[in-house]
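A short write-up of the structure that comes next.
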Amino acid sequence: MSGFNFVGSKNLDNILDPEACKDLPGDELATVWKEWHKDKEGQLGWVVEGVVGTSILDKARDKNGKFFIVPIFEKPTTVDNSGEVGDTTDCYGTSTANAGYYNLIVQFFPESHFVVAPLDAYQQNPAEARPVLSFSVFDDYIESRNMCLVRADVIAKALDEEDARKVISMCLKSWEGAEGNDYVDKFNNSPAEFDFDQYLDFARAEWFGQAK
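Residue numbering for the sequence shown is 260 to 471, as defined by the working numbering.
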């Protein structure tokens with residue numbers, strides 16, 4: 260399966276001055292990173308622990324862990340607070356069980372970069388599929404600060420930053436593979452064992468903040 264090109268900075272030094280940060284403690288560096296991105300339109304930044312970043316990158320860098328899919332859920336309809344039997348509702352009485360969705364495909368590019376595009380466009384013509392989002396997990400400070408810096412660029416205006424954050428969070432959790440989450444491994448290596456409906460339930464719970 261052919262892919263598309265990464266859009267974004269591939270080098271952390273192009274974003275963060277290494278000389279200015281070399282003596283900063285980890286907590287201060289994390290604050291600088293988050294604050295720098297705070298008011299940047301279309302650019303997001305946050306921090307993950309070193310062990311988490313290692314798990315994500317180890318799996319992504321494996322030649323059999325390059326692709327995954329992530330659903331974007333539409334805003335669900337509102338029901339009364341009582342709901343119906345079997346309904347999944349949030350604290351505002353909003354039903355999420357039947358929320359519509361469309362799928363994005365995520366492709367990893369060595370050494371630390373991910374590109375996200377609509378799955379239907381990718382299936383029609385991978386070479387012409389336009390990314391809506393790209394993000395990187397930089398491990399430059401994994402040894403000295405026990406952290407990885409995550410940087411995202413929202414490319415498509417149709418994707419708001421809230422949804423972009425949810426997509427990236429889903430990607431990171433899926434590639435991390437914690438708590439028995441082996442969806443990425445099955446998707447790439449054992450597609451017959453990849454239960455999309457089960458994954459969709461997991462993704463919906465994560466998206467609407469109902470994960471336990």
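Just so it is clear, CB atoms sit at the ideal spot from N, CA and C, and this is done for glycine as well.
- request: Determine the direct distance from the alpha carbon of residue 393 to that of residue 372, and round the result to whole angstroms.
  value: Between residue 372 and residue 393, the C-alpha separation is close to 7 angstroms.
- prompt: Can you tell me the Cα-Cα spacing of residue 240 and residue 452, whole angstroms?
  reply: Nothing in the structure corresponds to residue 240, since the chain is present only between 260 and 471.
query: What is the DSSP secondary structure of residue 461, reduced to helix, strand or coil?
result: helix
Euclidean distance between Cα positions of residue 420 and residue 303: Rounded to whole angstroms, residue 420 to residue 303 spans 8 angstroms at the Cα level.
- prompt: Between residue 461 and residue 455, what straight-line distance do the alpha-carbon atoms span, to the nearest angstrom?
  reply: 10 angstroms
- request: Measuring alpha carbon to alpha carbon, tell me which of 410, 402, 305 ends up nearest residue 374.
  value: 410
- request: Measure from the C-beta of residue 280 to each C-beta in chain C and report whether the shortest distance is under 8 angstroms.
  value: This model lacks chain C altogether, as it is built from one protein chain only.
- prompt: Rounded to a whole number of angstroms, what is the C-alpha to C-alpha distance between residue 299 and residue 437?
  reply: 31 angstroms
- prompt: Going by other Cβ atoms of all chains shown within 10 Å of its Cβ, with 16 needed for buried, is residue 349 buried or exposed?
  reply: Reliability fails at residue 349, whose pLDDT of 47 lies under 50, so the model's placement of it is uncertain and the value that follows must be treated cautiously. Residue 349 is exposed by the Cβ-count criterion.
query: Whose CA, out of 408, 427, 468, 381, lies closest to the CA of residue 310?
result: 408
query: For residue 386 versus residue 376, is the C-beta distance shorter than 8 angstroms?
result: no
message: Here's the rule I'm using: 16 or more other beta-carbon atoms within 10 Å means buried, otherwise exposed. How should residue 312 be labelled?
response: So residue 312 ends up on the buried side.
- request: Going by CA-CA distance only, name the one from 417, 445, 441, 448 that's closest to residue 301.
  value: 417
query: Can you list the alpha helix (DSSP H) stretches of 4 or more residues lying completely in the region 421-464, in chain order?
result: 442-448
- prompt: Mind checking residue 366: buried by the 16 CB within 10 Å criterion, or exposed?
  reply: Buried, since its Cβ has 16 or more Cβ neighbours within 10 Å.
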